[in-house]
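Under the working numbering, the first residue of the sequence shown is numbered 1, with each subsequent residue one higher. Cβ coordinates follow ideal geometry from the N, Cα and C atoms, glycine included. Written out below as structure tokens is the structure these notes cover.
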Amino acid sequence: MVNIAPLSTAQVADAVTGTVALSRLGNGEKLEVTQLGEPLEVGNGGVAFIISESYIRDVPQTKASMLVVQAAFAERALALLPDCVRVLIACPDAYVGLAQLSKIAADRDALADWRLPAMLGAQGVHSTAEVDSTARLGAGVVICEGARIGARTQILANAVIGPGVTVGSDCLIFPGVVLYPRTKVGSRVRLHANVVVGSDGFGYARGAKGSVKIWHLGRVIVQDDVEIGAGTTVDRGTLKDTIIESGAKIDNLCQIGHNGHVKAHAILCAQVGMAGNVTVGRGAILAGKVGIADKLEIGDGALVGPMTGVSKDVKAGEQVMGHFTAKPRREGWRLLVLFDKLPEIYDRLKKLEGQQK
Numbered sequence: 001m002v003n004i005a006p007l008s009t010a011q012v013a014d015a016v017t018g019t020v021a022l023s024r025l026g027n028g029e030k031l032e033v034t035q036l037g038e039p040l041e042v043g044n045g046g047v048a049f050i051i052s053e054s055y056i057r058d059v060p061q062t063k064a065s066m067l068v069v070q071a072a073f074a075e076r077a078l079a080l081l082p083d084c085v086r087v088l089i090a091c092p093d094a095y096v097g098l099a100q101l102s103k104i105a106a107d108r109d110a111l112a113d114w115r116l117p118a119m120l121g122a123q124g125v126h127s128t129a130e131v132d133s134t135a136r137l138g139a140g141v142v143i144c145e146g147a148r149i150g151a152r153t154q155i156l157a158n159a160v161i162g163p164g165v166t167v168g169s170d171c172l173i174f175p176g177v178v179l180y181p182r183t184k185v186g187s188r189v190r191l192h193a194n195v196v197v198g199s200d201g202f203g204y205a206r207g208a209k210g211s212v213k214i215w216h217l218g219r220v221i222v223q224d225d226v227e228i229g230a231g232t233t234v235d236r237g238t239l240k241d242t243i244i245e246s247g248a249k250i251d252n253l254c255q256i257g258h259n260g261h262v263k264a265h266a267i268l269c270a271q272v273g274m275a276g277n278v279t280v281g282r283g284a285i286l287a288g289k290v291g292i293a294d295k296l297e298i299g300d301g302a303l304v305g306p307m308t309g310v311s312k313d314v315k316a317g318e319q320v321m322g323h324f325t326a327k328p329r330r331e332g333w334r335l336l337v338l339f340d341k342l343p344e345i346y347d348r349l350k351k352l353e354g355q356q357k
């Protein structure tokens, strides 16, 4: 859930190309929404989107004041509406509608994106930025509007600290690091060269005229004692935060997708790729080149072997591997050995078939 500048019912309906299917507002009563998020996350004054049939089950439990629903299942949503929902808007494609509304919310958010006035200042430090007197800045460092840098933190050459970013104490930020707007970094964090934290997630809605960008309004929160290797990217959340918990260690050239959640003391080796909405459990280990499909969960203490493609949840403590799909570890090793013997086995099978003719 993210806070947004107030939007009226008419503004929301216009943004999503929708119509008001239900209004419980009295004469002269107006509704302005100031939150945007998923149905079970927003509260009073919030707007949520029912973008697919799977979200219908959340309608009775929502605390939202406004819902935007795909027209195809608006009647089903109407039958389940709780009293707190004051307005229901139906639109042809709720996912495209979300993309369109996210753009408006981003445009009205002063710190949601880069703006030159927010970046410029004497010696690269904006006049509103707060840099502790014991912090040290290298050549070419840019500290943008409203950023805060903690005690004894060192930021090396050509790093860019975006608008509204906070960096805790005793951090070491290597050359070329970019922290996008509102990123929050804890204490004793090490970010190696060319790490990018808080860039947009890879989210698009397929509209009639092609892909419509979904503007990502969440943040990235990096907690204490985290280390992130060179060239790794961590995308900010769509309508909630991407979180890297305390003590997590992430190797070089990894990709953490939007809304990702890497729990405490997890280890991600080089070239791990996480799609959006993936959770990696406490103390879990992902070996090199592991790829994880969207919306999956790797349980606490799990181990995923190198080059494994994960297409389903991995239970806590489970060990899996497999170049094609994840298998129990022992079975994975056996299949790997057998794979190398397949040509020999095939030749023997063909000979046996020939003898039977």
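- In this structure, the straight-line span from the alpha carbon of residue 5 to that of residue 274 is close to 31 Å.
- Under the three-state reduction of DSSP output, residue 242 falls in the strand class.
- Going by C-alpha positions, residue 231 is about 9 Å away from residue 177.
- Taking the C-beta atoms as reference points, residue 252 is found nearer than 7 Å to residue 270.
- Cβ neighbours of residue 335 within its own chain (closer than 8 Å, five residues either side excluded): 322, 327.
- Of all C-beta pairs linking the region 84-99 to the region 48-60, three or more are shorter than 8 Å, placing the two stretches in contact.
- Around the beta-carbon of residue 242, 16 or more other beta-carbon atoms lie within 10 Å, marking it buried.
- In the structure shown, the three-state DSSP call for residue 342 is helix.
- The distance from the Cβ of residue 153 to that of residue 171 is about 4 Å, consistent with a contact at the 8 Å cut-off.
- Under the three-state reduction of DSSP, residue 49 is assigned to strand.
- Under the 8 Å Cβ criterion, the region 101-109 counts as touching the region 197-215, having at least three qualifying pairs.
- Membership of residue 36 in the beta strand (DSSP E) is indicated by the continuous run 32-37.
- Shown here for residue 147: same chain residues with a beta carbon closer than 6 Å to its own, the five before and five after excluded, namely 129, 161, 165 in chain order.
- Rounded to whole angstroms, the Cβ separation of residue 304 and residue 320 is 6 Å, and the two are in contact under 8 Å.
- Counting only unbroken stretches of 4 or more residues, no alpha helix (DSSP H) element lies wholly within the region 233-318.
- Excluding the 5 residues flanking it on each side, residue 239 has same chain C-beta neighbours closer than 7 Å at 1, 2, 36, 37, 38, 217, 218, in chain order.
- The beta carbon of residue 317 is closer than 6 Å to those of 301 in its chain, skipping five residues each way along the sequence.
- Looking at 144, 308, 200, 204, the one whose alpha-carbon comes closest to that of residue 256 is 200.
- In this structure residue 277 is buried. Its beta-carbon is surrounded by 16 or more other beta-carbon atoms within 10 angstroms.
- Residue 74 carries a helical assignment under DSSP once its states are collapsed to helix, strand and coil.
- Boundaries of the alpha helix (DSSP H) harbouring residue 104: 94-107, taken from the DSSP string.
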